[in-house]
Amino acid sequence: MYEARYGWDRRTVGVVALSAVFTAALLLPGIPLIARVLGLPLFGLGGLFMAYVALSRKVAFRVDETGVLLGGSPARYGATTAHVPWADITGFILWRQQAGGASVRYVGVARREGAPVLPGDGPTARAVLPHLVPVPPEVAVSSRALTGWHLDRNRLAGAVAHFAPGTPVHDLS
């Protein structure tokens with residue numbers, strides 16, 4: 001089995017630390033009230049949420065004998081977590097999405113045609129995704145961003161080879 005959980009990575013530590021610095025700065029004397037009213041919820045609550053995600057240790061991604069668990073968005077974990085059985089999986093795709101000056105890595109599951117709908121899939125997503133991502137919409141809806149957790153490519157490949165020999169793992173990143 002291969003399992004990755006939400007936790008502390010370099011980006012999460014940086015966001016939480018930066019949020020703490022800005023929150024502390026907003027509490028200094030002489031800071032305008034409007035800056036406090038707008039900044040404290042943004043930086044204070046944002047930093048606390050990121051710390052909560054890291055401390056939650058919820059499953060972000062798991063490959064086991066039943067298939068693949070795509071951990072949900074930390075804000076709506078139960079509603080956005082999805083399980084994809086091996087019978088529906090045709091491959092894995094590692095890809096990258098440019099986001100301004102940075103990029104976000106993703107792991108996606110290519111699924112057979114006619115596989116059950118996953119959370120977040122629907123006509124609106126299917127219409128918008130081709131204009132936003134470098135992978136087919138059906139892969140995008142079964143992808144998870146590598147934010148707040150780390151993907152070990154070798155362990156992923158080993159688990160896939162063990163549970164579904166011959167299932168390809170394509171690295172487009």
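The sequence shown begins at 1 in UniProt numbering and counts up by one. Note that beta-carbon positions come from the ideal geometry of N, C-alpha and C, so glycine has one too.
Nonlocal neighbours in the same chain, by C-beta distance under 6 Å from residue i, ignoring five residues either side
{"i": "leucine 118", "result": "Ala82, Val141, Ser142"}
{"i": "glycine 100", "result": "none"}
For residue i, the first and last residue of its enclosing alpha helix (DSSP H)
{"i": "alanine 87", "result": "Looking at the DSSP string, alanine 87 is not in any alpha helix (DSSP H), and its letter there is neither H nor E."}
{"i": "alanine 24", "result": "10–26"}
Beta-carbon gap between residue i and residue j smaller than 7 Å
{"i": "valine 109", "j": "leucine 151", "result": "no"}
{"i": "residue 175", "j": "leucine 69", "result": "Residue 175 cannot be examined here, being either before or after the span of the chain that is shown, 1 to 173."}
{"i": "proline 85", "j": "glycine 114", "result": "no"}
{"i": "leucine 40", "j": "leucine 18", "result": "no"}
{"i": "tyrosine 2", "j": "serine 56", "result": "no"}
Boundaries (first-last residue) of the beta strand (DSSP E) holding residue i
{"i": "arginine 36", "result": "From DSSP, arginine 36 is part of no beta strand (DSSP E) but of the alpha helix (DSSP H) over 33–39."}
{"i": "leucine 70", "result": "67–70"}
Helix, strand or coil at residue i according to DSSP, with G and I counted as helix
{"i": "alanine 4", "result": "strand"}
{"i": "alanine 157", "result": "helix"}
{"i": "residue 180", "result": "Shown here, the chain extends from 1 to 173; a query on residue 180 therefore has no answer."}
Contacts around residue i, its chain only, beta-carbon distance under 8 Å, and the 5 residues preceding and following it disregarded
{"i": "glycine 120", "result": "Thr80, Val141"}
Contacting residues, own chain, Cβ-Cβ under 7 Å from residue i (five flanking each side not counted)
{"i": "valine 160", "result": "Val63, Phe92, Thr167, Val169"}
{"i": "valine 133", "result": "Gln97, Ala140"}
Chain E contact for residue i (CB, 7 Å cutoff)
{"i": "glycine 108", "result": "Although the question refers to chain E, the structure presented lacks it and comprises just one protein chain."}
At 3 residues or longer, what runs of the beta strand (DSSP E) sit wholly inside the segment 75–155?
82–85, 89–99, 102–111, 143–145
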